[in-house]
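Visitor: In terms of the working numbering, the sequence shown has 299 at position 302, counting the first letter as 1, and numbering is strictly consecutive.
Cβ atoms here follow ideal geometry from the backbone N, Cα and C, with glycine treated the same way.
Treat the numbers as computed from the prediction; the structure is a model and nothing was measured.
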Amino acid sequence: MNPDEMTNELNTQIHYRLIEKLSESERRYRELVESLREIVFKCDPSGCFTFLNRAWTETLGYNIAESLSQPLSNFLAPEDLARGQQLLDQLQKQQVVIGQELRFQHQSGVIVWLELSAYSSNQSEGGGSLTNITDRKLAEAALQEVNEVLEIRVEQRTAELKKALQDLHRTQTQLVQNEKMSSLGQLVAGVAHEINNPVNFIHGNLTYATQYVSDLLKAIALYQQHSTGIADEVRAELEGLDLDFLTQDLTKLLTSMKVGSDRIRQIVLSLRNFSRLDEAEFKAVNIHEGIDSTLMILQHRLKDQNNQNHNAGIQVIKQYDKLPMVECYAGQLNQVFMNLLTNAIDALEELSCIVTKNLGKETTHSKPQRADWRPTITIVTELKEADPLLGLAVVIIRIKDNGVGMAQEVIDRIFEPFFTTKPVGKGTGMGLSISYQIITERHGGILRCLSTVGQGTEFLIQIPISQSSISQWS
-2 MNPDEMTNEL NTQIHYRLIE KLSESERRYR ELVESLREIV FKCDPSGCFT FLNRAWTETL
58 GYNIAESLSQ PLSNFLAPED LARGQQLLDQ LQKQQVVIGQ ELRFQHQSGV IVWLELSAYS
118 SNQSEGGGSL TNITDRKLAE AALQEVNEVL EIRVEQRTAE LKKALQDLHR TQTQLVQNEK
178 MSSLGQLVAG VAHEINNPVN FIHGNLTYAT QYVSDLLKAI ALYQQHSTGI ADEVRAELEG
238 LDLDFLTQDL TKLLTSMKVG SDRIRQIVLS LRNFSRLDEA EFKAVNIHEG IDSTLMILQH
298 RLKDQNNQNH NAGIQVIKQY DKLPMVECYA GQLNQVFMNL LTNAIDALEE LSCIVTKNLG
358 KETTHSKPQR ADWRPTITIV TELKEADPLL GLAVVIIRIK DNGVGMAQEV IDRIFEPFFT
418 TKPVGKGTGM GLSISYQIIT ERHGGILRCL STVGQGTEFL IQIPISQSSI SQWS
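(1) Could you tell me the alpha carbon to alpha carbon distance between residue 336 and residue 218, rounded to whole angstroms?
(2) What does the alpha-carbon distance come out to for the pair residue 348 and residue 401?
(3) Tell me the residue span of the alpha helix (DSSP H) that contains residue 323.
(4) Tell whether a beta-carbon distance below 7 Å holds between residue 126 and residue 35.
(5) For residue 68, which residues of its own chain have a beta-carbon under 6 Å away from its beta-carbon, when the five flanking residues on both sides are left out?
(6) Can you check which of these residues, 50, 76, 450, is closest to residue 64 by C-alpha distance?
(7) To the nearest angstrom, report how far apart residue 382 and residue 409 are at their CA atoms.
(8) To which residues of the same chain is residue 251 closer than 7 Å at the C-beta, ignoring the five residues directly before and after it?
(9) Would you check if the distance between the CB atom of residue 415 and the CB atom of residue 433 is smaller than 7 Å?
(10) Starting from the Cα of residue 192, find the closest Cα among 244, 261, 212, 249 and give me that residue.
(11) So residue 258 packs on residue 190, CB below 8 Å; how close in whole Å?
(12) Starting from residue 114, follow the beta strand (DSSP E) in both directions and report where the run begins and ends.
(13) Three or more beta-carbon pairs under 8 Å between the segment 435 to 443 and the segment 370 to 379, yes or no?
(14) Between the alpha carbons of residue 240 and residue 255, how many angstroms are there, rounded?
(15) Considering Cα atoms alone, identify which of 246, 149, 377 is closest to residue 313.
(16) Consult DSSP for residue 361 and reduce its assignment to one of helix, strand or coil.
(17) Does DSSP put residue 252 in a helix, a strand or coil?
(18) Rounded to a whole number of angstroms, what is the C-alpha to C-alpha distance between residue 316 and residue 288?
(19) With a threshold of 16 other CB atoms inside 10 Å of the CB of residue 142, please say whether the residue is buried or exposed.
(20) Just to confirm my understanding: we take residue 0, look at its own chain, exclude 5 residues before and 5 after, and list those with CB closer than 8 Å. What are they?
(21) In the DSSP output, which residue or residues are listed as bridge partners for residue 48?
(22) Give every residue of the same chain whose Cβ lies closer than 8 Å to the Cβ of residue 188, excluding the five residues on either side of it in the sequence, and list them in chain order.
(23) Quick one: what does DSSP say residue 395 is sitting in, helix, strand or coil?
(24) Considering only their Cβ atoms, is the gap separating residue 458 from residue 436 smaller than 7 Å?
This is the structure in structure tokens:
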């Protein structure tokens, strides 16, 4: 064998061995690729599959042979078609995309999440991998759902705690308020009792004293008329006493004492009516007595404190309808009257100061500036035979002032616990809240606030005349 033949033989053997090595390498590569859990693919320049490993079928259920020559977009879920096209455009420009999440549609119709990493070349095949991240996405979705549920529960619990804290504050404040009212009631009842006994003694004896004085004056007159020999000393004493003036003035004096004792007895009656300590249960009462008693307690605030004008002070106009006896917690209802009337007086007192300061001056303030304006509280009661909501006869009480009124945002919050427009130290913000609770919860009624800026404020109370009827109805 010549050298050339030997060289050819050697080259042939080397070639065959290289082919064997290459085939072995390709076999090992295919075995490696086929053993991967990730989908490995190759594409032609048009983007159609030219190779897919077994993970394609295992992950998406499609036959490999049927999937070849098809573009990746044919297997995307409808929700990600647009995003898939954007990634393909990005791949052509940048020649690489890494870690992009896409939804694919399994042959059964189930959505499968895959993470795409790919490369491309304008002149040769491209390729890449698809990693199944469905479990991770489901776990993320479950975690997000749990977090959302937890957030909702935390918000609910926070709201519950906030409400519980608010209820606790309201209860504490109401307990303090009730204790104050109870102490005030006991004090008022005690004072009324202590005053009532001596006043009754004085009032009762005035009747006899008046009669005795009348008889005595008649006797003196008869004595003067029929006695001819009055001693000079007696005559001088009678002239010094000015008996005619004494006779006239003594009668007036006794009359004024009678008026004064009647006034004290009326005040004592009002104090006793206001305290109502013996009425812990529902009791039929005269609503007008409760209102009048409250006005009597507040009389000192209705008068002109400066005494500059006998027509000054707060005018109270009462327009009372003929009402039957009303079943209620009388003491609590008087507390409502006290809160509403006190608020009206506070508003009118503040407004009166502004009117006094601005009277006669040009101003753009919304408060009334007329010289004839006078602070006024109007109280109207009426009987409504059949309320359309309750189907029961109800009593309506309106307490209105002619003050500045309130804005809608204030009206919306007027019955909230601790809400107040008064300066610090002048109000707890619980008066109207407690009043609302007394009317709506304790009496099954309605308490509304009606107000317009510049036209005053009106509180409307509506309660059934019979609480036993509403209990049966509810």
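Guide: The short version:
(1) 58 Å
(2) 7 Å
(3) Not the alpha helix (DSSP H): residue 323 falls in the beta strand (DSSP E), residues 323 to 325.
(4) yes
(5) 44, 45
(6) 50
(7) 30 Å
(8) 203, 206, 207, 210
(9) no
(10) 261
(11) Between residue 190 and residue 258 the Cβ distance is about 17 Å, and since that is not below 8 Å, they are no contact.
(12) 108 to 116
(13) no
(14) 22 Å
(15) 377
(16) Because the pLDDT at residue 361 is just 39, under 50, the model does not fix this residue reliably, and the point stays unresolved.
(17) helix
(18) 12 Å
(19) exposed
(20) none
(21) 39
(22) 268
(23) strand
(24) yes
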